[in-house]
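What follows is a set of notes on a single structure, which appears directly below.
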Amino acid sequence: MPTVRATIKPNSRKGPLVELLDDGTLQLYVRAPAVEGKANKAAIELLAAHFGVAKSAVRLTGGATSRFKRFEIDD
């Protein structure tokens, strides 16, 4: 199970988009607001599409209320 570090940009007009930063962190641009977990849900959907896995294979493991998050992705 690889762990992915990501920074989320909610309410982004640029999104949905995934960018790889120089330090290996993913920058996730999502249109959903950071309210009631909507941005987290959108980030999971975006990562699932990016890695070509089911949404159920992506789990948020750290940073639920932070802009900096960790996700585990099942193969």
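All residue numbers for the sequence shown refer to my numbering, where the first residue is 212 and numbers rise by one.
Think of the CB as a built atom: it goes at the ideal place given N, C-alpha and C, for glycine as much as any other residue.
Where the alpha helix (DSSP H) through residue 250 begins and ends: 249 to 262
Option nearest residue 229 by Cα separation, candidates 213, 268, 256, 276: 256
Buried versus exposed, by CB contacts within 10 Å (16 or more), residue 237: buried
Contacts around residue 261, its chain only, beta-carbon distance under 6 Å, and the 5 residues preceding and following it disregarded: 229
Beta-carbon proximity list for residue 244, same chain, < 7 Å, skipping 5 on both sides: 221, 222, 250
Where residue 265 falls, given that 16 or more other Cβ within 10 Å makes a residue buried: exposed
Through-space distance from residue 246 to residue 286, alpha-carbon basis: 29 Å
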